[in-house]
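Start counting at 1 in the sequence shown, then tack on 1, and there's your number in the numbering used here. Think of the CB as a built atom: it goes at the ideal place given N, C-alpha and C, for glycine as much as any other residue. These notes concern the structure reproduced below.
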Amino acid sequence: MRILFMGTPDFALFSLRALVEAGEQVIGVVTQPDKPKGRGYTLTPPPVKVYASERGIPVYQPEKVKDGSFDGTLRELAPDVCVVAAYGKLLPESILTIPKYGCINIHGSLLPEYRGAAPMQRAIIDGKKMTGVTIQQMALGMDTGDILFMRETEIGENDNFEDIHDRLGVLGAEALLETLKLLREGKLDPVKQDESLATYAAKIEKADCVLDFSRPARELHNQIRGMSPFPLAFTRLPSGSMLKVTSAEVVAEDGEGPTGQVTSLDGGIVVQCGKGKIRLTGVLPEGKGRMPAADFVRGRKVAEGDILK
2 MRILFMGTPD FALFSLRALV EAGEQVIGVV TQPDKPKGRG YTLTPPPVKV YASERGIPVY
62 QPEKVKDGSF DGTLRELAPD VCVVAAYGKL LPESILTIPK YGCINIHGSL LPEYRGAAPM
122 QRAIIDGKKM TGVTIQQMAL GMDTGDILFM RETEIGENDN FEDIHDRLGV LGAEALLETL
182 KLLREGKLDP VKQDESLATY AAKIEKADCV LDFSRPAREL HNQIRGMSPF PLAFTRLPSG
242 SMLKVTSAEV VAEDGEGPTG QVTSLDGGIV VQCGKGKIRL TGVLPEGKGR MPAADFVRGR
302 KVAEGDILK
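Here it is in structure tokens:
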């Protein structure tokens, strides 16, 4: 089949690479425009563009797709199917209907749970024990299309966003190849989503990163995992400087005390929570690099009795 791939970040790269290595006929890649990054605001291409360009696959970077300006190009390419993975823009009905078999999407959750922009992070933050990928037939609306294929995986006690991102990237690529095989054989059995079970995974905002130590230790542990390695949850030291947290562990599930108080510096920074205690084991101080919390403690930047805000 003639496959047009639409995707932008590293998560999409797992599936594009799988298509190429499996010998599928990838006729082109559609991705977001290059964006300025870093202190020098250097114009940087998306990972998908870099990979496609190195292999001589034509790359298209339309500024907009909802206004119909890309429809003509899509008709000329005449794909049998569009494969979409974290492209970053909602597709209009015209694009969904031009390919013979429409557009299929690789989504990082077990739909209809966690529709939206941040399904992996939200599942970890919510303390879920299971997640997975869904291959869905795209329809108008946010991740509302029929389910074509699913793969599940456990979320471990200390799995963070990076762990789940990479694991689901691999699972998504495997599920995609299986879906395409079933599509060619005419064996796909689409299943409508149960709208009563739908939940929404909103984009991560700065407010989501603030550590509120009046909450239970377990919830804070999940929040820190869901934000690591990016954008990172944070607190503030008594000096007012920001302290981002890269990793942590629950010390105690029960027990109360002055919330936010540093109760021990044994093996890291142990903080009293609304319920239980949490040990910050990895940190990113302002103006510094990532380091073990024990190294930060040795620099005498925090002391027992301090209140983290």
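Looking at the unbroken alpha helix (DSSP H) that takes in residue i, where does it start and where does it end?
i    : result
G311 : Here the chain has residues from 2 to 310 only, and residue 311 is not among them.
Q122 : P120 to I126
L178 : F162 to E186
Q224 : A218 to G227
F12  : D11 to E22
T98  : E94 to T98
F297 : A294 to R299
Since residue i contacts residue j with CB under 8 Å, what's their CB separation in whole angstroms?
i    : j    : result
V263 : V272 : 6 Å
M143 : R116 : 5 Å
A249 : I225 : 5 Å
I107 : V66  : 18 Å between Cβ atoms; not a contact.
V85  : I105 : 7 Å
A174 : F15  : 5 Å
A87  : F12  : 5 Å
P239 : D296 : In fact, because the Cβ distance is near 19 Å, the residues do not count as touching under 8 Å.
If you count every other CB in all the chains shown that lies within 10 Å of the CB of residue i, and 16 or more means buried, which is it?
i    : result
R313 : The structure shown does not extend to residue 313, since the chain spans only 2 to 310, so no value can be given for it.
T43  : exposed
K278 : buried
F231 : exposed
A23  : exposed
Q138 : buried
P100 : buried
Q26  : exposed
K193 : exposed
L233 : buried
R291 : exposed
T180 : buried
L112 : buried
L91  : exposed
P286 : buried
S54  : exposed
For residue i, which three-state DSSP category applies?
i    : result
F231 : coil
P1   : There is simply no residue 1 to check, as the chain begins at 2 and stops at 310 in what is shown.
Y42  : coil
G117 : strand
L78  : helix
A86  : strand
L149 : strand
P48  : helix
C104 : strand
E287 : coil
E196 : helix
K36  : strand
K207 : helix
A304 : coil
E155 : strand
I need the boundaries of the beta strand (DSSP E) containing residue i, first residue and last residue.
i   : result
T32 : Premise fails: T32 is in no beta strand (DSSP E) and is neither H nor E.
F6  : R3 to G8
Using a Cβ cut-off of 8 Å (strictly closer), state whether residue i contacts chain C.
i   : result
L97 : Among the protein chains of the structure shown there is no chain C, as only one such chain exists.
Discussion item. Just to confirm the assignment: which complete beta strand (DSSP E) runs, minimum length 3, are found wholly within the stretch 239-272?
Written reply: 243-253 and 263-265
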